[in-house]
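Here the protein sequences line up with chains A and B, keeping their order.
Under this note's numbering, residues 5 to 255 are what the first sequence spells out, in order.
Under this note's numbering, residues -6 to 262 are what the second sequence spells out, in order.
Yeah, the Cβ is synthetic: ideal placement off N, Cα and C, and Gly gets one too.
Notes for the one structure printed next.
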Amino acid sequence: MRTLRQLALPLALIVLWEILVALSGSPRAPRPSTTALKAVEMLADGTLLAALATSLGRVFGGFVLATLLAVPLGLAMGTLPVVERNLDPLVESFRPIAAIAILPLVILWIGTGNLAAVTIVAYAAFFPILINTIAGVKRIDRSLIRAARTMGISPLTRLRTVVLPAALPSILVGMRIGLGIAWTAIIAAELAVGAKAGTSGGIGQMMFVFYAYSIQLSGIVVCMAAVGLVAMLLDRGLRALLARAFPWSHP
Amino acid sequence: MMTVPNEPKIRLEHVGKMFDSFVALDDLSLDIRPGEFLAIVGPSGSGKTTVLNMLAGLDRQSSGTILLDGKPIAGPGPDRGVMFQDYALFPWQTVRGNVGFGLTHGPAGAGLDRAAREARVARVIDLVNLGGAEERYPHQLSGGMRQRVALGRLIANEPEVLLMDEPLAALDAQTRLVLQDEILRIWRQDQPAAERRTVVFITHGIDEAVYLADRVVVLGSRPGRLKAIVDVDLPRPRNEATRATAAFADLSRSIWELIRDEAIRATVE
C-alpha cells in the first residue's frame, strides 16, 4: 500500500508528460513510450551500464582519494588550533570555487583521461568531508576527552580511540554529502570533456554525444533518469552500509 | 605503590582556585587518609567539582599545593580514576568496550596480556551486575545501567584513588539506594581499612554522604571554602538498618544545619 502511494506521483507525472508532448505536436520531443524503448535498447546493448560503470569507477576513485586527504587534515585542523589558523583562509578561499570551475586548469595540466576525472571528483568531495570532519572534532563532548585523559591515555592514542570515533558521525555525514557532490561533478566534468570527443567515456559524455551527434533526445532523457537513479542508490547504499558498520551512530 | 600508614594519601595545603577574578575555592587545607571514604558536600558554587578536578589533574590550582603520596599532582594519571556526573561513556563502545577501555588503550593494562585483561573486564562486569549486557551500547541502557558501566570502567583500571563527582545524582531514588550499597561493597567496607581504596565522593545528598563516608567535608559557597569536617562514626558494614538509627539522623541534621542558610539562599538567587 505504501509503495503504491509512493509510486502515484511519478506515474501521474509520466501521464502528464505524455499528454503535454501529444498537445505540443512536436515530432522530436521524447515521449515516455519512446524513452522507455530507448532505455531497453541501451540496456540491451550494454552501452548504458558500461557508461555508468566508467563514471562510477571515477567517482569512487576520487571519493576515496578525497576521504584519505580530508579526514586526517580535518582531524589535525579540528584538534590543533595552530594548524587551523594557518590553513583556514586557504580552505575558505578555495571552497567557493566549484569543481567545474577548475576544469580548464585540470584539462590543461592533466588532460581528459581518468586521472583528470578523478581529480575533479576528489576536489569536489574534499571540502564537504573536510568541513564536517572539523566540525565533528570541535563538537566532541569534552567530558569524553577528559575521561580518556584521567585514564592516562596518551594524546596520540586519544586521537585514534576517542577523537576519531567521536567525530565519526559528523565525518560520515560529510562523506555522504561528498559522494552526492562527487556524482554531480563527474557528470558535469564528462559533459564538458565530451566536447573533445570520443575517448573519455562515462555517462556524462554519453549525454553529450546524444546531444551533439544525433537528434536522439530520448537518449538524453534515459541518461538523466539513470543519473538520478544512481545518485539515489548511492546515497541509500552508503547509508545502509554505514548503519551496519557503526550501529551506535544511528540510535 | 605502598602507602605508609598515618601518612595522608592526599594532602591539600592552602589550595585556592580562581577563574579570572572569580574565586571558586579559597584556602582549603585537608588531609585525606589512605583507604578513607571521604564525602564532600556543599551548596552550588562551593567549589566541590573544582576540588575534584584538581585532584584528578584536569585543573591546576591557582595557589597552594596538592600532594599525592607526598608528590605534587602534575596532571591526570592512572593512579587516580574519575567517575563523571554525566557518565562520559564512549557511545561507540559496548559495555565490555567501555569497561575495558583503560586496560586496552591506557597504562592500566600495561603488563597484562589479552587474556588477563579480558578476565578482569569479565570480573568487573560481574561485580557491577552487568552480566548479560556486555554487547549492548550505552544508548541501549537505562540510566542506572549506564552508571554501573561508568563505575565498572573506573574500577577496572584499579586506581588507588577513586574520584567520584555526584555519580548518582542523575538516578531515581530507588536506583540510587541500590548503587550506594554497591559502591560500599566494591570499596570493600567489610574488609580492614588497609584493603580499601581511597574514595573522594562529591554529592548533593547529605543522607548519601553520611551513609557512605568515614568523614564528610562541608564546603560553604561564594567563595568556596571549608566550613567543617564531620566524623561519621557509624559502624561498618552499614546497611538499611543504619539509615534508621538515631545517630544517622543526628549526623544528617547537623550537616544540614551547617549548609541550610546558604542552600536556601542559593534557591532564591
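*Can you check the segment 130 to 174 of chain B for any beta strand (DSSP E) of at least 3 residues that lies completely inside it and give the ranges in chain order?*
Taken in chain order, the complete beta strand (DSSP E) segments of 3 residues or longer contained in the segment 130 to 174 of chain B are 154 to 158.
*Out of A:Leu69, A:Leu52, A:Thr154, A:Leu195, which has the shortest C-alpha to C-alpha gap to Thr116 of chain A?*
Start at 1 with the first residue of the first sequence, and residue 116 of chain A comes out as number 112. The residue with the shortest Cα to Cα distance from Thr116 of chain A is A:Leu195.
*Starting from the Cα of Leu237 of chain A, find the closest Cα among A:Glu45, A:Pro251, A:Ser97, A:Leu60 and give me that residue.*
As a first step, residue 237 of chain A is located in the first sequence; it is residue number 233 there, counting from the start. Comparing Cα positions, the closest option is A:Leu60.
_Which residue marks the beginning of the beta strand (DSSP E) containing Glu188 of chain B, and which one marks its end?_
Translated into positions along the second sequence, residue 188 of chain B becomes position 195. Looking at the DSSP string, Glu188 of chain B is not in any beta strand (DSSP E), and its letter there is neither H nor E.
_Under 7 Å by beta carbon: chain A residues contacting Arg181 of chain B_ = Numbered from 1 along the second sequence, position 188 holds the residue referred to as residue 181 of chain B. Correct list: empty, because the minimum Cβ distance to chain A is about 22 Å.
*asked:* For the segment 122 to 136 of chain B against the segment 97 to 108 of chain B, do three or more pairs of beta-carbon atoms, one drawn from each stretch, fall closer than 8 Å, so that the two count as touching?
replied: Touching, no, given that fewer than three Cβ pairs across the two stretches are closer than 8 Å.
_Span separating the alpha-carbon of Asp183 of chain B from that of Ala109 of chain B_ = For this step, residue 183 of chain B is matched to residue 190 along the second sequence. For this step, residue 109 of chain B is matched to residue 116 along the second sequence. Between Asp183 of chain B and Ala109 of chain B, the C-alpha separation is close to 26 Å.
*Terminal residues of the continuous alpha helix (DSSP H) containing Ile118 of chain B?*
For the purposes of this step, residue 118 of chain B is taken as residue 125 along the second sequence, with counting starting at 1. Note, Ile118 of chain B: alpha helix (DSSP H), 107 to 120.
*Could you please give the first and the last residue of the uninterrupted alpha helix (DSSP H) stretch that includes Ile149 of chain A?*
For the purposes of this step, residue 149 of chain A is identified with residue 145 of the first sequence, where counting begins at 1. Taken as a continuous stretch (DSSP letters only), the alpha helix (DSSP H) holding Ile149 of chain A covers 146 to 154.
*As assigned by DSSP and simplified to three states, the class of Gly202 of chain A*: Position 198 of the first sequence, counted from the start, is the residue given in the question as residue 202 of chain A. Any reading at Gly202 of chain A must be qualified, since the residue scores a pLDDT of 48, below 50, and its modelled position is unreliable; no value is offered.
*Which class does Glu6 of chain B belong to by DSSP, given the choice of helix, strand or coil?*
As a position in the second sequence, residue 6 of chain B is number 13, starting the count at 1. Three-state DSSP puts Glu6 of chain B in a strand.
*asked:* I'd like to confirm the pairing. Which residues does DSSP put opposite Phe15 of chain B in its beta bridges?
replied: As a first step, residue 15 of chain B is located in the second sequence; it is residue number 22 there, counting from the start. Its beta-bridge partners are B:Phe12.
*Run through DSSP, which three-state label would Glu64 of chain A get?*
As a first step, residue 64 of chain A must be located in the first sequence, where it is residue number 60. The identity of residue 64 of chain A in the sequence shown is Phe, whereas the question assumes Glu. Three-state DSSP puts Phe64 of chain A in a helix.
_Backbone CA spacing between Arg208 of chain B and Gly50 of chain B [nearest angstrom]_ = Reading the second sequence from its first residue, position 215 is the one you call residue 208 of chain B. Reading the second sequence from its first residue, position 57 is the one you call residue 50 of chain B. Distance between the alpha carbons of Arg208 of chain B and Gly50 of chain B is about 23 Å.
*Could you tell me the distance, in whole angstroms, from the CA atom of Cys227 of chain A to the CA atom of Leu134 of chain A?*
Against the first sequence, residue 227 of chain A aligns to sequence position 223. Against the first sequence, residue 134 of chain A aligns to sequence position 130. In a straight line, the C-alpha of Cys227 of chain A is about 31 Å away from that of Leu134 of chain A.
_Span separating the alpha-carbon of Ala235 of chain A from that of Gly184 of chain A_ = Position 231 of the first sequence, counted from the start, is the residue given in the question as residue 235 of chain A. Position 180 of the first sequence, counted from the start, is the residue given in the question as residue 184 of chain A. Ala235 of chain A and Gly184 of chain A have their alpha carbons spaced roughly 7 Å apart.
*asked:* Between which two residues does the alpha helix (DSSP H) holding Ser97 of chain A run?
replied: Here the question's residue 97 of chain A lines up with position 93 in the first sequence. Start and end: 85 to 98.
*Should Thr71 of chain A and Val75 of chain B be called a contact, given that it needs their Cβ atoms to be closer than 8 Å?*
Looking up residue 71 of chain A in the first sequence gives position 67. Looking up residue 75 of chain B in the second sequence gives position 82. In this structure, the beta-carbon distance from Thr71 of chain A to Val75 of chain B does not fall below 8 Å.
*Quick one: using the 10 Å Cβ neighbour count with 16 as the cut-off for buried, is Thr123 of chain A buried or exposed?*
The residue labelled residue 123 of chain A in the question sits at position 119 within the first sequence. So Thr123 of chain A ends up on the buried side.
*If you draw a straight line from the C-alpha of Ile224 of chain A to the C-alpha of Thr137 of chain A, how long is it?*
Mapped onto the first sequence, residue 224 of chain A falls at position 220. Mapped onto the first sequence, residue 137 of chain A falls at position 133. Their Cα atoms are separated by approximately 37 Å.
*Going by the beta-carbon positions, is the gap between Ala189 of chain A and Ile104 of chain A smaller than 8 Å?*
Here residue 189 of chain A corresponds to residue number 185 of the first sequence, with the count starting at 1. Here residue 104 of chain A corresponds to residue number 100 of the first sequence, with the count starting at 1. Yes, Cβ-Cβ distance for Ala189 of chain A and Ile104 of chain A is below 8 Å.
*Any idea if Ala55 of chain A is buried or exposed, counting beta-carbon neighbours within 10 angstroms, 16 or more meaning buried?*
As a position in the first sequence, residue 55 of chain A is number 51, starting the count at 1. By the neighbour-count definition (other C-beta atoms within 10 Å, threshold 16), Ala55 of chain A is a buried residue.
*Taking the alpha carbon of Val141 of chain A as the point to measure from, which residue in A:Ala129, A:Leu163, A:Ala152 has its own alpha carbon closest?*
Along the first sequence, one-based indexing puts residue 141 of chain A at 137. Per the Cα distances, A:Leu163.
_Supposed contact pair Gly66 of chain A and Ala120 of chain A - C-beta distance, whole angstroms, cut 8 Å_ = Sequence index remark: in the first sequence, residue 120 of chain A carries index 116 (1-based). Sequence index remark: in the first sequence, residue 66 of chain A carries index 62 (1-based). About 10 Å separates the two Cβ atoms, so there is no contact after all.
*In this structure, does DSSP put Pro230 of chain B in helix, strand or coil?*
Here the question's residue 230 of chain B lines up with position 237 in the second sequence. DSSP, read as helix, strand or coil, puts Pro230 of chain B in coil.
*With DSSP run on the structure shown, which of helix, strand or coil describes Arg208 of chain B?*
Residue numbering aside, residue 208 of chain B sits at position 215 when the second sequence is read from its first letter. The three-state reading of DSSP puts Arg208 of chain B in strand, counting E and B together.
*asked:* Is the beta carbon of Ser39 of chain B closer than 8 Å to that of Ser214 of chain B?
replied: The count along the second sequence starts at 1 and reaches residue 214 of chain B at position 221. The count along the second sequence starts at 1 and reaches residue 39 of chain B at position 46. Against a cut-off of 8 Å, the Cβ pair of Ser39 of chain B and Ser214 of chain B comes out as a contact.
*Measuring CA to CA, which of B:Tyr80, B:Leu5, B:Ala187 is closest to Gly137 of chain B?*
Taking the second sequence and counting its residues from 1, the one referred to as residue 137 of chain B is at position 144. For Gly137 of chain B, the closest of B:Tyr80, B:Leu5, B:Ala187 by C-alpha to C-alpha distance is B:Tyr80.
*In the DSSP assignment, find the unbroken alpha helix (DSSP H) run with Ala16 of chain A in it and report its ends.*
As a working note, residue 16 of chain A is residue 12 in the first sequence. Under the DSSP assignment, Ala16 of chain A falls in the alpha helix (DSSP H) whose first and last residues are 6 to 28.
_Local conformation of Phe65 of chain B per DSSP, three classes_ = Numbered from 1 along the second sequence, position 72 holds the residue referred to as residue 65 of chain B. The sequence shown places Pro at residue 65 of chain B, not Phe. The answer is strand: DSSP assigns Pro65 of chain B an E or B state.
*Taking the CB atoms as reference points, tell me whether Val117 of chain B and Ile148 of chain B lie closer together than 8 Å.*
Sequence index remark: in the second sequence, residue 117 of chain B carries index 124 (1-based). Sequence index remark: in the second sequence, residue 148 of chain B carries index 155 (1-based). Yes. Within cutoff.
*If we ignore side chains and look at the alpha-carbon of each, how far apart do Ala16 of chain A and Leu24 of chain A end up?*
Here residue 16 of chain A refers to the residue found at position 12 of the first sequence. Here residue 24 of chain A refers to the residue found at position 20 of the first sequence. Distance between the alpha carbons of Ala16 of chain A and Leu24 of chain A is about 12 Å.
*Out of curiosity, what's the CA-to-CA distance linking Val177 of chain A and Gly82 of chain A?*
As a working note, residue 177 of chain A is residue 173 in the first sequence. As a working note, residue 82 of chain A is residue 78 in the first sequence. Each residue's alpha carbon lies about 16 Å from the other.
_Could you tell me the alpha carbon to alpha carbon distance between Leu18 of chain B and Gly70 of chain B, rounded to whole angstroms?_
Your numbering for residue 18 of chain B matches position 25 in the second sequence. Your numbering for residue 70 of chain B matches position 77 in the second sequence. Between the alpha carbons of Leu18 of chain B and Gly70 of chain B lies a distance of about 23 Å.
_Suppose the cutoff is 7 Å on Cβ atoms and the five residues either side in sequence are ignored; what does the same chain contact list for Gly124 of chain B look like?_
Position 131 of the second sequence, counted from the start, is the residue given in the question as residue 124 of chain B. Here the set comprises Ile118.
*Beta-bridge partners of Val75 of chain B, as assigned by DSSP*: Along the second sequence, read from residue 1 onward, the residue named residue 75 of chain B stands at position 82. Under DSSP, Val75 of chain B forms a beta bridge with B:Leu156.
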